[in-house]
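Peer 1: Numbering (this note's numbering), first residue to last: -17 to 459.
All C-beta atoms, glycine included, are put in the ideal place defined by N, C-alpha and C.
Owing to the predicted nature of the structure, the values given are computational and were not obtained by experimental measurement.
Have a look at the structure that comes next, please.
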Amino acid sequence: MNTKMKNKATTLDAYQLLHEGSLALSTVESNGICIDTEYLQKAIKQTARKIKEQTEDIKNDEIFKTWKKRFGTKTNMDSSDQLGKVLFENMGYTCPVYTQTGKPKTDIAVLSELNIPFVKSLLSIKQLKKAKGTYLSGIEKETIDGLLHAFFDLGLAVTYRSSSSKPNFQNWPIRNYEMGKLIRQCFIPRSSKRHIVELDYGGIEVHGAAWYHKDPMMLDYLHDKTKDMHRDMAMQCYMLSKKEMTPKNEDDAQRIKDIRYCGKNRFVFPEFYGDWWLSCAPALWNSISQMKLKTREGLSLRKHLKSKGINRLGIVNIDVIQESNTFLYHIKQVERDFWNSRFKVYRQWKEDWYNAYRKNGKFMMLTGFEISGLMKRNEVINYPVQGVAFHCLLWSLTRIQKLLNKYKMKSLIVGQIHDSIVGDILKSELQNYLEIANKVMTVDIKKHWSWITTPLEIEAEVSPVGKSWFEKTKVKI
DNA sequence: CAACAAAGCGCG
DNA sequence: AAAGCGCGCTTTGTTG
């Protein structure tokens, strides 16, 4: 072991990380997560019943009758192809977007904007089918003696992230409350004296990007706890004042959370990954109605924007010159400000990084992984960030598992989701586990990798003893 | 029957 | 100049 820390990782360092990471993840696989099989059976039956009921309900709808008339015995409500034909050929609705192959697009974004009761019900049925067909029965299929041993693979993803399969541990529903509840109640600790504990790195990809570009405005956001980039961008996108983002009472907190969520996931992250205003603006605009975004006084943000002189989305077409009273025009300005004035050092890094790749045909991650081959601009910019963010998690997981062994603790790591660790933790070891993990994830890792130049934070969520993953609540760390 | 592509949807 | 990154699973529809 070197006494002096190297500031550049090598390919050997990268190899070592994967080697030890693989061993640690194989232990995680073999540990497995405990399944409430009784609940699972009940949930499958209940969901099947709901699907049946809701399917019967919409059979009286005019649209279904038209569908039946056109496709007869071949009628299949799971067929996007048929749905597109019925809606846009028979019913006379105009198709807003087409797929690669020129067929009408019938995804959630398109369907929910149509505002047709039949289609709304259809979407609800599709969600239930996804829950049952992919998640509930997927878990059932792979559970052995009450334990689920999902696979975690390294060296498969191009970014040197992990992936998971049979079943995929990393895409269980959480964003939709009802669906999250239905699925996550399956996962329980393996005894009544244990908790399910999930530890998340906060905003690790944003930090990871900053370790490369070192943009002073971004570093300021990451160092100053009173500042919040996602909130600020949400305010700018929806033209809201600071007062609008201050809750007037306890019930008002969710309204602000939803607005911030849209700033984060409909503008900031898409922009970081290389998206642009023409695609961000419609998503932000549609979110207002879909998530019922409102001002402090309960006014729809559509009406709020109107009071600011923006009365429509505008035409989603790059050849159209956007008028100044459109939302598209506004978001185009917000984007310009975002890259030209807020984060211009970040923007310059992207240019330089991409140009260096064009010259060398390869690049190296901070963790020592060398990536070569033909890549698009956005891939060249995103891979090094996505990679190091996960490598922080992998290093931490490996280290925590070693310490659990060293101290002969009975708590187990049972899963991992890119930037979070899922543990099955003995009640008597909980405080100890949280302390160990926090130290590894926020202190020790900075000693191991000196290029981590921002303060790291983790969030801990813990289920009540013996209770499911769904019932987790935040705890102070 | 199997193999494959496309579309869709779940997560970070 | 180009125009969201990564993954796995299920179903439909085509091809041989």
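#1: Since I believe TRP377 is in contact with HIS312 (beta carbons under 8 Å), could you give me their beta-carbon distance rounded to a whole number of angstroms?
#2: Per DSSP, what are the beta-bridge partners of SER261 in this structure?
#3: Can you tell me whether ILE187 is helix, strand or coil according to DSSP?
#4: Going by beta carbon distance, what residues of the same chain come within less than 6 Å of ARG172, once the five residues before and after it are set aside?
#5: Does DSSP classify VAL447 as helix, strand or coil?
#6: According to DSSP, is PRO171 part of a helix, a strand, or is it coil?
#7: Looking at GLU417: is its Cβ nearer than 7 Å to the Cβ of MET391?
#8: Kindly indicate the opening and closing residues of the alpha helix (DSSP H) around ILE399.
#9: Going by the beta-carbon positions, is the gap between HIS177 and SER445 smaller than 7 Å?
#10: Would TYR183 and ASP401 qualify as a contact pair, given that the criterion is a beta-carbon distance under 7 Å?
#11: Are LEU104 and THR88 touching if we call contact CB-CB under 7 Å?
#12: How many Å lie between GLU253 and GLY448 at the Cα?
#13: Going by DSSP, what residue range makes up the beta strand (DSSP E) through GLU95?
#14: Quick check: the Cα distance between ARG359 and GLY256, rounded to an integer number of angstroms?
#15: The beta strand (DSSP E) that contains PHE133, what's its start and end?
#16: Taking the alpha-carbon of ASN264 as reference, which of ASN247, ARG52, THR19 has the nearest alpha-carbon?
#17: Quick one: what's got a C-beta closer than 8 Å to TRP307's C-beta in the same chain, skipping five residues either side?
#18: Checking 7 Å against the spacing of the C-beta atoms, do GLY190 and VAL370 come in under that value?
#19: Report the partner residues of PRO86 according to the DSSP bridge assignment.
#20: Name the DSSP bridge partner or partners of ALA442?
#21: What are the uninterrupted segments assigned as alpha helix (DSSP H) that are 4 or more residues long and contained completely in the region 301 to 334, given in chain order?
#22: Do you know how far the Cα of LEU181 is from the Cα of LYS111?
#23: For TRP49 and PHE169, I'd like the C-alpha separation in whole angstroms.
#24: Whose CA, out of VAL302, VAL298, MET221, lies closest to the CA of VAL316?
#25: Would you identify the three-state DSSP class for GLU352, choosing helix, strand or coil?
#26: For LEU408, name the three-state secondary structure that DSSP assigns.
#27: For a quick check, are the C-beta atoms of GLY14 and LEU136 less than 7 Å apart?
#28: So what's PHE254 in DSSP terms, helix, strand or just coil?
#29: Whole-angstrom Cβ separation of PHE325 and ASP197, contact assumed at under 8 Å?
#30: With a threshold of 8 Å on Cβ separation, who are the neighbours of TYR336 within its own chain once the five nearest residues in sequence on each side are excluded?
#31: Can you tell me the Cα-Cα spacing of PRO78 and ASP206, whole angstroms?
#32: So which of LEU5, THR380, VAL327, VAL250 has the shortest CA-CA distance to ALA419?
#33: Touching or not, the region -11 to -2 and the region 336 to 353, by the rule of three or more beta carbon pairs under 8 Å?
#34: With a threshold of 16 other CB atoms inside 10 Å of the CB of GLY115, please say whether the residue is buried or exposed.
#35: Name the DSSP bridge partner or partners of ILE17?
#36: Check GLY143 in the structure and name its three-state DSSP category.
Peer 2: If we stick to the structure as given:
#1: No, HIS312 and TRP377 are not in contact; Cβ-Cβ is about 42 Å, not under 8 Å.
#2: Beta-bridge pairing links SER261 to no other residue.
#3: Strictly speaking, residue 187 in this sequence is Glu, with Ile absent from that position. The answer is helix: DSSP assigns GLU187 an H, G or I state.
#4: CYS16, ASP406
#5: coil
#6: Of the three classes helix, strand and coil, the one that applies to PRO171 here is coil, per DSSP.
#7: no
#8: Here ILE399 belongs to no alpha helix (DSSP H), and DSSP marks it neither H nor E.
#9: yes
#10: It is a contact, given that the beta carbons lie within the stated cut-off.
#11: no
#12: Using only the alpha carbons, I get a separation of about 41 Å.
#13: Where GLU95 is concerned, there is no enclosing beta strand (DSSP E), although the alpha helix (DSSP H) it sits in stretches over 90 to 96.
#14: Straight-line Cα distance between these residues: approximately 9 Å.
#15: It spans 133 to 136 - the beta strand (DSSP E) in which PHE133 sits, taken as one unbroken run.
#16: Per the sequence presented here, residue 264 reads as Pro, with Asn not at that position. Its Cα nearest to that of PRO264, the residue ASN247 stands out among ASN247, ARG52, THR19.
#17: The residue asked about is misnamed: residue 307 is Asn in this sequence, not Trp. Apart from the 5 residues on each side of it in sequence, ASN307 sits with its Cβ closer than 8 Å to the Cβ of GLY291, ILE292, ASN293, ARG294 in its chain, given in chain order.
#18: yes
#19: TYR80
#20: ALA442 has LEU181, VAL457 as its beta-bridge partners, per DSSP.
#21: Within the region 301 to 334, the complete alpha helix (DSSP H) runs of at least 4 residues are 309 to 319.
#22: 30 Å
#23: 40 Å
#24: MET221
#25: strand
#26: strand
#27: no
#28: helix
#29: 5 Å
#30: ARG359, VAL362, ILE363
#31: Between PRO78 and ASP206, the C-alpha separation is close to 43 Å.
#32: The option with the nearest alpha carbon to ALA419 is THR380.
#33: yes
#34: exposed
#35: Paired residues: PHE169.
#36: Before going further, note that residue 143 is Arg rather than Gly in the sequence given. If DSSP states are grouped into helix, strand and coil, ARG143 belongs with coil.
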